[in-house]
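Step one of this worksheet: look at the structure below.
Residue numbers (the numbering used here): 5 to 168.
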């Protein structure tokens with residue numbers, strides 16, 4: 005059986021990673037705004053004063069309304085689809101270093117690592133901490149699929165030659 009290897013050509017370059025980060029960040033901000041508005045409407049509907057309960061005046065609530073959507077956004081998208089909206093638009097996908105689809109546990113670890121202080125600066129090196137700690141990487145999807153198909157074809161050739 006042929007061995008899968010993540011090549012330099014397959015890895016998403018930093019510019020592409022920055023692009024999908026920015027797209028995802030704006031999507032999370034939109035989600036935060038929607039949740040904040042919904043929360044305010046609920047407070048008003050229940051007879052409360054929005055100025056006293058509005059998330060920006062309550063730090064704990066504001067943090068909760070930021071971190072929950074942030075975590076949910078990355079975890080749900082990457083666990084179900086292997087990619088976020090930003091990765092979908094940029095043509096990239098999250099894979100395990102072995103070339104397999106990451107498990108939900110791996111994606112959970114990857115998502116938790118995003119909350120490490122200064123984690124965003126880890127990309128000044130070769131790879132981000134949320135990738136290196138979780139054992140994942142972000143690759144260009146079309147090259148990844150091409151390589152996976154090559155491995156399948158090589159395995160089929162090997163199996164057919166064993167029959168002869």
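Glycine included, C-beta positions come from ideal geometry on N, C-alpha and C.
Taking residue 23 as the centre and dropping the five residues before and after it, the same chain places the C-beta of 94 closer than 6 angstroms to its C-beta, in chain order. In this structure, the CA atom of residue 48 is about 22 angstroms from the CA atom of residue 72. By the neighbour-count criterion, in which 16 or more other beta carbons inside 10 Å mark a residue as buried, residue 29 falls on the exposed side. Using a 10 angstroms sphere on the CB of residue 102, the tally of other CB atoms stays under 16, which defines it as exposed. Checking the DSSP bridge columns, you'll see residue 96 partnered with 144. Here residue 85 is not near residue 111, since their CB atoms are 8 angstroms or more apart.
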